[in-house]
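Undergrad: Residue numbers (numbering that gives the first Met the number 0), protein chains in the order written: chain A, 0 to 588; chain B, 0 to 250.
C-beta: ideal position from N, C-alpha, C; glycine also.
Pasting in a structure now, in structure tokens, and then I'll have a few things to ask.
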Amino acid sequence: MRTRLYLHPSAPHHPIIPKDWSWVIGYGGLLLLPRFLALRNGLYRTGPSSRLRALVLPLLIVLFWCGAFWFFHRVLQYFSTIPDLGPVLSQKLLHFVFLAFFAILLFSNVITSLSTFFLSRDLLLLLPAPVPPRRLFAAKFTETLVDSSWMVLLFSAPAFAAYGVVHGGGPLYYLLVLLTLVPFLLIPAALGVMLTLLLAAALPAQRGKDMLIVFSTLSLSLLYLLLRLLQPEKLVNPAAFADFLAFLSAMQAPSSPFLPSTWAAEVLLPVLGLTHGEVLFPYLLLLSTALFLLVSASSASTILYPIGWSKAQEGHRRRGLRHWWEATVQGITLLFPSHLRVIVAKDIKTFFRDAGQWSQLLMLLALVVVYVYNFSVLPVGGGTVGSFYLQTVVAFFNLALAAFVIAAIAVRFIFPALSLEGKTFWLLKSAPLPLRRWWWSKFWVGLVPLLFLGELLVCVTNYFLHVSAFMMVLSAVTLCVLTCSIVALGMAVGVAYPNFTAEHSAKVAASFGGVLYMVLCISFIGAVVVLEAWPVYMFLLSQLKQVPPSPALWGGMFASFALACALAIGVFWVSVRWSIDRLERMEIA
Amino acid sequence: MITLDHVTKRFGTFTAVDDLCLHVGAGEIFGFLGPNGAGKTTTIRMMMGLLTPTSGRVVLGHHDLCSEPLAAKALCGFVPDRPFVYEKLTGREFLHFVGGLYRLPQALCRARTEESLELFHLSPWGDELVEHYSHGMKQRLVVAAALLHDPQILVVDEPMVGMDPIGARMFKALLRSLTLRGKTIFMSTHSLEVAEELCDRIGIILGGKLIASGTLDQLQRQSGEEGRLEDIFLKLTAAPDMLEVIAALRA
């Protein structure tokens, strides 16, 4: 019997522990083993829904790759047809791609390293264990590097492949891409880890995390605005081309000689025949910087990590109640029926105290600004049949796009509603609270701001498009109906695929349920818009030609509106009934 | 006050609770014991409406949990084994929220919140976010929340885990005072000393079946073991080879 080992007087004191652990601990890989095993177990020990996920996700990745490759290929091919300026544009684009990746990697590494070095649960197991600090650093650094970089690698592959295909890179180019990416990924990882170690030594981890989340979201929003303000549409307008190039050239940042992104681009450009520079010098610059920063980060960690870790354990801070905030929340809840107020107040407070959630509003603001700006610069108008056609098509496209924006926001804020209750859901389930009441409170809290935003988007952009009053009313009414159904559908799919262990809403939104929800929303929006578009177009065309609409056209319009309406009401009704029923029958094991 | 009538819960082919029958009277503390995986938490979760029984019925007060869930739940306070609460609310806000769930009038809710914070020594941290509470503080907050609406029945799953000796002593005194006020307490615990000290009657569950139930004297007679509750529990639940290991370790 196995237990005899522990009981026999001659048995060693710790029979299952080898005499010398160091030979095992010595391999930093041991510390990464749990992550690897968890990944393996996640892949192999799966249920039917996970297997479906395992099929769908690679398919989506392949689709994304194809789409991104097609985009870069088209752009680069177009550049290659422009004499003199083409190679310059290709160079600038590669610099810009590396710079964008570098910025994203830096932010991503800072955020990730905060989790891996300070907030990760396994630290309570690893830190008291006899693990040499440098081994721990090596394991945590690798974890940070992989977590932060895999997505950039995934996204960058089609861009590099397109460069190789268009400019005939050959095997040497692809080898150099791989060799360049290694130090290129190491530099932001080392910088990010050092920045986090410094920050954690100065601030408690949670506060530092909040600040970093807000800072990085704000920066990404500004980057997005900046990209839009480059006005890439001018590329198709030869008259504005010189201005665009001047603008692009005026931006010194993408090709600053002190940036690792510049060195990385300069390694690849000569192989592609886009410049006549040297490959070895920028590569050695990149490699030596990476190694220097890696050693520096490792050394810094021995001093800063114990201080930062100790600070991270403090986390105890007094928070005075802000009376104006309390009064505002109470004021908002007055808009809701009395039985929903307590849940609404809780949702508002938890939302605005979670930097990971409210900071997404910054991104949303950038999205709305760019959306409205896009329509303000669209060249529509003129009163001809051609411009009328464009106007109507764009108005319907606008409607679909606004609904898509609503769905994209809903996947972040509505779909995770149940999941974000997390392990606290026991409280709601065991309380004398009909769960349909919880459902409706979430529905209204989600619907009101989304409806306001959607109507604002569609009305302002339709104003810029100079659409007719009929089209304006039709868009507003359709979007209202679509938003109600999209929110209800979000709640339903959220109830079908809850994730009570997710740490934040982004993780829930990126899950299989989130992807399924977006697919359902796109299909639903597409069906409603298509049902409305054709008869409306025919109707408006007959008005433009000053021909009275035929009875068949009236009938067609009525039938298609009735169908669109029935579809929206059907989606709403089924979502409400099904999800409330499922919620009430849901078990918490 | 609490009746479990032939309650069974199956997860697929696995039977977690098998034809469980129990009755706990008003003003009684009932201790529910059993080794890990015996079905204690599953039973409690069925009693609180977190799980639906595969068959049988749960009656709380005079309300069937299946047909009158809201009335049955309104009678109960629940302290789960792990104190999961909204981390981004303060302790005071969390209690207000729970008061709202149980439809307490606002003035009463505020008054009881302050009383509870005081009673559970949480007043100085009432305006702190719960994410900064220690495990023991969270546990005390959950107990305070469970008692906020003055329930007739208190269902407690592993109450002492994470509590400091003062908190544990206070909790035991609180349970006694509640029974003096006629409240019914259903408590699952691994602490046999606590069960022996507090409980009027004890039920022992093994493999989903109730294998013994009654006062300490009745359990001694049922098991044929004259010793303390620990000995009775081991005799009834431990596998022979485990008893052998324990005997060897004692030697």
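Look at the Cβ atom of residue 296 of chain A, then the Cβ atom of residue 189 of chain A, and state whether they are nearer than 7 Å.
TA: Result yes, Cβ atoms of residue 296 of chain A and residue 189 of chain A sit closer than 7 Å.
Undergrad: With a threshold of 8 Å, are at least 3 pairs of Cβ atoms found where one atom belongs to the stretch 323-330 of chain A and the other to the stretch 427-441 of chain A?
TA: Judged by Cβ distances under 8 Å, the stretch 323-330 of chain A makes no contact with the stretch 427-441 of chain A, as fewer than three pairs qualify.
Undergrad: Does any C-beta atom of chain B lie closer than 7 Å to the C-beta of residue 428 of chain A?
TA: True, the Cβ-Cβ gap to chain B drops below 7 Å.
Undergrad: Mind listing the chain B neighbours of residue 349 of chain A? Cutoff is C-beta to C-beta under 9 Å, in chain order.
TA: Within chain B, the residues near residue 349 of chain A are 85, 86, 87, 88.
Undergrad: Show which residues of chain B have a CB atom less than 8 Å away from the CB atom of residue 433 of chain A.
TA: Correct list: 69.
Undergrad: Have a look at residue 84 of chain B and residue 422 of chain A and give me their C-alpha separation to the nearest angstrom.
TA: Cα to Cα, the separation comes out at about 8 Å.
Undergrad: List, in order along the chain, the chain A residues whose C-beta lies closer than 7 Å to that of residue 92 of chain B?
TA: Here the neighbours are 348.
Undergrad: Could you check what DSSP says for residue 112 of chain A in three-state terms: helix, strand or coil?
TA: Helix.
Undergrad: Mind checking the stretch 549-564 of chain A against chain B and listing, in chain order, the residues whose C-beta falls within less than 7 Å of any C-beta there?
TA: Here the close residues number zero.
Undergrad: For residue 574 of chain A, which residues from the same chain have a beta carbon less than 8 Å from its beta carbon, with the 5 sequence-adjacent residues on both sides left out?
TA: Result list for residue 574 of chain A: 484, 487, 488, 490, 491, in chain order.
Undergrad: Please check the pair residue 37 of chain B and residue 213 of chain B, which I expect to be a contact at CB under 8 Å, by giving their CB distance rounded to whole angstroms.
TA: That pair is no contact at about 18 Å.
Undergrad: Closest Cβ-Cβ distance between residue 586 of chain A and chain B: below 7 Å?
TA: At least one chain B Cβ lies under 7 Å of residue 586 of chain A.
Undergrad: In chain order, what residues of the same chain have a beta carbon less than 6 Å from the beta carbon of residue 199 of chain B, not counting five sequence neighbours either side?
TA: The answer, listed in chain order, is 27, 28.
Undergrad: Check each residue of the stretch 30-51 of chain B: if its Cβ is closer than 7 Å to any Cβ of chain A, include it; give the result in chain order.
TA: Of all residues in the stretch 30-51 of chain B, 44, 47, 48, 49, 50, 51 have a Cβ within less than 7 Å of some Cβ in chain A.
Undergrad: Can you name the residues of chain A whose CB is closer than 7 Å to the CB of residue 72 of chain B?
TA: 429, 430, 431, listed in chain order.
Undergrad: Taking 7 Å as the cut-off, decide whether the C-beta atoms of residue 197 of chain B and residue 174 of chain B are in contact.
TA: In contact: residue 197 of chain B and residue 174 of chain B (Cβ atoms closer than 7 Å).
Undergrad: Below 8 Å on the Cβ atoms is my contact criterion, and I expect residue 144 of chain B with residue 93 of chain B to pass it. Report the Cβ-Cβ distance as a whole number of Å.
TA: Confirmed, about 7 Å.
Undergrad: Does the structure place the stretch 87-102 of chain B close enough to the stretch 115-129 of chain B that three or more beta carbon pairs sit under 8 Å?
TA: The stretch 115-129 of chain B vs the stretch 87-102 of chain B: in contact.
Undergrad: Counting only Cβ pairs nearer than 7 Å, list the residues of chain A close to residue 77 of chain B.
TA: Result: 429.
Undergrad: Work out the CA separation of residue 134 of chain A and residue 24 of chain A for me, nearest whole Å.
TA: Residue confidence is low: residue 24 of chain A scores 45 on pLDDT, short of 50, so the model does not pin down where it sits. Its coordinate-derived value is still stated next. Cα to Cα, residue 24 of chain A sits roughly 8 Å from residue 134 of chain A.
Undergrad: Tell me the start and end of each unbroken beta strand (DSSP E) in the stretch 155-219 of chain B that is at least 3 residues and wholly inside, in chain order.
TA: Whole beta strand (DSSP E) segments, 3+ residues: 183-187, 200-205, 208-213.
Undergrad: Could one say the Cβ of residue 100 of chain B lies closer than 7 Å to chain A's Cβ atoms, at least one of them?
TA: For residue 100 of chain B, the answer is yes, since a Cβ of chain A falls inside 7 Å of its Cβ.
Undergrad: How would you list, in chain order, the residues of chain B whose beta-carbon sits under 8 Å from the beta-carbon of residue 421 of chain A?
TA: Those are 83, listed as they occur along chain B.
Undergrad: Starting from the C-beta of residue 142 of chain A, find all residues in its chain whose C-beta is less than 6 Å away, skip the five residues before and the five after it, and write them out in chain order.
TA: Hits under 6 Å: 115.
Undergrad: Where does residue 148 of chain B sit, in a helix, a strand or coil, going by DSSP?
TA: Residue state, collapsed to three classes: coil.
Undergrad: Around the C-beta of residue 550 of chain A, are 16 or more other C-beta atoms found within 10 angstroms, so that it is buried, or is it exposed?
TA: With fewer than 16 other Cβ atoms within 10 Å, it is exposed.
Undergrad: Three-state secondary structure (DSSP) at residue 22 of chain A?
TA: Model confidence at residue 22 of chain A stands at a pLDDT of 45, short of 50, so the residue's coordinates are unreliable; what they give is reported in the following sentence. Helix.
Undergrad: Straight-line CA distance for residue 218 of chain A to residue 225 of chain A?
TA: So the two alpha carbons sit approximately 10 Å from each other.
Undergrad: Using DSSP with H/G/I as helix, E/B as strand and the rest coil, what is residue 95 of chain A?
TA: Reduced to three states, the DSSP call for residue 95 of chain A is helix.
Undergrad: State yes or no: is the beta carbon of residue 96 of chain B nearer than 7 Å to at least one beta carbon in chain A?
TA: So, interface residue.
Undergrad: Which residue's Cα is closest to the Cα of residue 103 of chain A: A/570, A/459, A/152?
TA: Among A/570, A/459, A/152, the Cα nearest to that of residue 103 of chain A is on A/152.
Undergrad: Rounding to the nearest angstrom, what Cα-Cα distance links residue 119 of chain B and residue 109 of chain B in this structure?
TA: Spanning the two alpha carbons is a distance of roughly 15 Å.
Undergrad: Is DSSP giving residue 65 of chain A helix, strand or coil here?
TA: DSSP places residue 65 of chain A in helix when its eight states are reduced to three.
Undergrad: What are the start and end residues of the beta strand (DSSP E) that includes residue 29 of chain B?
TA: Here the beta strand (DSSP E) through residue 29 of chain B covers 28-32.
Undergrad: Would the stretch 212-226 of chain B and the stretch 43-50 of chain B be scored as touching if the rule is three or more Cβ pairs under 8 Å?
TA: No, because fewer than three Cβ pairs between the stretch 212-226 of chain B and the stretch 43-50 of chain B fall closer than 8 Å, the two stretches do not touch.
Undergrad: Candidates A/286, A/309, A/132, A/183: which alpha carbon is nearest residue 155 of chain A's?
TA: Of the candidates A/286, A/309, A/132, A/183, the one whose C-alpha sits nearest the C-alpha of residue 155 of chain A is A/183.
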